[in-house]
Structures are given as C-alpha cells and as structure tokens.
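What follows is a set of notes on a single structure, which appears directly below.
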Amino acid sequence: YASVLSLLDLGGIALRAADRAPTEPIVIAGGPCAVNPEPMAPFFEALVIGEGEEVVHEIMDLLAGFSPPFADAEIRSRFLGELSRIEGVYVPSLWPVEQVGRFIVPQPHSPDKPAVRRRIVEDLDAALFPTRPLVPYRESVHDRAQIEISRGCTRGCRFCQAGIIYRPTRERSVETLRRLANEIIDATGYDQISLSSLSCTDYTRIEELLEGLHQDLSDRRVSIGLPSIRVDAFGVELARRV
Ligand code: SF4
C-alpha cells in the first residue's frame with residue numbers, strides 16, 4: 003500500500019483523489035488487493051473488483067468517448083458517474099461509508115447499483131490470453147513462457163485469499179491450451195513453458211494436456227514446468243510426463 007503512495011508522489015500526482023485537479027490523471031486500481039478496497043479508497047478515483055479481462059475494454063471504451071484530459075470538474079465528475087455504472091467498478095467518492103461495528107460499509111447511492119458485484123470471466127476458454135508477451139533482453143525472474151490452464155481452486159483453505167477471490171473454478175480446454183502453447187513458443191522462442199494455476203495437478207485433464215504438449219513441443223526441445231502442485235495429487239506417471 004505504501005508503495006502505491008510513493009508511486010503517486012514520484013509521478014507528481016496528488017495523493018488523495020479529492021485533491022486532484024480536473025486535468026490530473028484518473029487513478030484506477032485492480033487485482034487481488036483491490037478486492038478489499040476501503041483501506042485505499044481515498045487514493046483512487048476507481049477500483050475494479052474482480053477479474054479484469056473484460057471490464058478493461060468497457061473502461062477503455064468509456065474513456066475514448068470522453069477523450070481526457072478533462073476540461074473541467076463537471077466533465078470529470080460525469081465521467082466518474084458513467085464509470086461507476088460499469089459492473090464491478092467501485093468509485094469511492096460516490097459511495098458514502100458508514101461504520102457498522104468493526105466494519106466500514108459503503109452505502110448504496112443509486113437504486114441502479116445497490117452493490118458492486120465482483121467481475122468474473124464466465125467463459126475462461128474464450129477469454130483473451132496474450133501469446134506475444136515482451137521478451138526481456140536480459141534474464142529476469144519467471145523468464146519463460148506461461149499459459150494459465152485454470153483459475154480458482156476447489157480446496158477452500160481458510161487462510162488463502164486466492165482460493166476465495168478466484169471462485170468459481172474454471173478451466174481452459176486441452177485444445178485451447180495446446181494452441182496457446184504453440185502460439186506463445188512460436189512468438190517468443192522460449193525453451194520452457196510453465197502451466198500456471200493455483201494447483202496444476204487439480205486440472206482435470208492434466209495427463210492428457212501433458213501428453214499433447216509433449217507431442218507438440220518435445221521436438222523443439224521445450225520443457226514443461228508445473229509451478230504449483232499439491233503433493234497428494236502428484237504421482238509417478240505425472241513425474242514421468244514432466
Ligand atoms: S490455492 Fe492452495 S492454499 Fe489456496 S485454497 Fe487452493 S490449495 Fe488451498
């Protein structure tokens with residue numbers, strides 16, 4: 003949280019959204035930490051609750067219609083009003099908060115939007131996945147291709163934020179993943195590909211996927227990595243395929 007404030011400070015942007023002039027940037031946050039937005043609410047014009055792949059297009063379309071920088075406070079506030087109508091977008095300045103016991107609870111400001119609902123990509127298989135990522139000139143951490151095979155986790159460990167906020171569990175199909183893997187290796191030239199998910203071995207077609215990727219990529223000397231596995235679902239057969 004403190005790094006966000008340093009970032010704004012270094013960028014010469016007023017820390018609190020309420021102190022920003024109409025021509026100053028609109029600052030929007032998203033991702034796992036924004037799922038509980040209230041601690042950072044004073045510093046952002048808007049926070050996106052949930053998954054970003056679809057909502058980012060809706061926000062960009064809206065932004066294109068307004069062509070910032072905004073000429074005056076009235077246009078800026080009209081933009082924020084429109085932004086708050088997008089599902090999953092929380093505009094703190096429009097939600098009065100009330101303390102209820104130990105909690106701070108935003109109160110509905112419009113009958114059109116009684117609550118901000120978390121965005122969920124319903125069809126993960128059809129969702130856009132970038133297959134032409136930037137390839138750094140020097141070696142960095144996670145310096146390999148990666149594809150997201152599934153999202154969410156069925157285990158429900160009580161301490162785990164990701165297990166809760168990425169519900170429900172969804173998977174990409176083996177066919178889609180093989181296509182994505184080939185595209186990303188073609189575009190980047192990486193010799194390693196990692197199958198990302200909260201728990202790779204819980205992917206229901208993991209053996210079929212590994213077999214298919216092995217067929218596609220072994221001649222190209224591309225190795226396959228499973229970065230997150232649960233020991234109880236890992237066996238000798240799986241080890242042999244990796
Ligand atoms: S991701 Fe890991 S820690 Fe989180 S719920 Fe799943 S198994 Fe548990």
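Read in order, the letters of the sequence shown correspond to residues 3 to 244 in this note's numbering. Even for Gly, the Cβ is constructed at its ideal location relative to N, Cα and C.
| Check | Outcome |
| --- | --- |
| Do residue 179 and residue 151 have their C-beta atoms closer together than 9 angstroms? | yes |
| Please name the residue or residues paired with residue 158 in a DSSP beta bridge. | Beta-bridge pairing links residue 158 to no other residue. |
| Please go through the same chain and pick out, in chain order, the residues whose beta-carbon is closer than 6 angstroms to the beta-carbon of residue 108, but skip the five residues on each side of it. | 97 and 99 |
| According to DSSP, residue 172 sits in a beta bridge with which residue or residues? | 153 |
| Check the C-beta distance from residue 95 over to residue 155 and give it rounded, since I have them as a contact under 8 angstroms. | Going by Cβ atoms, the distance from residue 95 to residue 155 rounds to 35 angstroms, so no, they are not a contact pair. |
| Where residue 77 and residue 63 are concerned, what is the direct C-alpha to C-alpha distance, given to the nearest angstrom? | 16 angstroms |
| Does DSSP put residue 83 in a helix, in a strand, or in coil? | helix |
| Excluding five sequence neighbours on each side, which residues of the same chain lie with their C-beta closer than 6 angstroms to the C-beta of residue 68? | 81 |
| Taking only runs that begin and end inside the region 62 to 122, name each unbroken beta strand (DSSP E) of 3 or more residues, in chain order. | 99 to 102 and 105 to 108 |
| For residue 203 and chain C, any beta-carbon pair shorter than 9 angstroms? | Among the protein chains of the structure shown there is no chain C, as only one such chain exists. |
| CB-CB under 6 angstroms to residue 118, same chain, minus the five flanking residues each way: which ones, in chain order? | 51 and 92 |
| Does the ligand SF4 have a heavy atom nearer than 8 angstroms to the CB of residue 172? | no |
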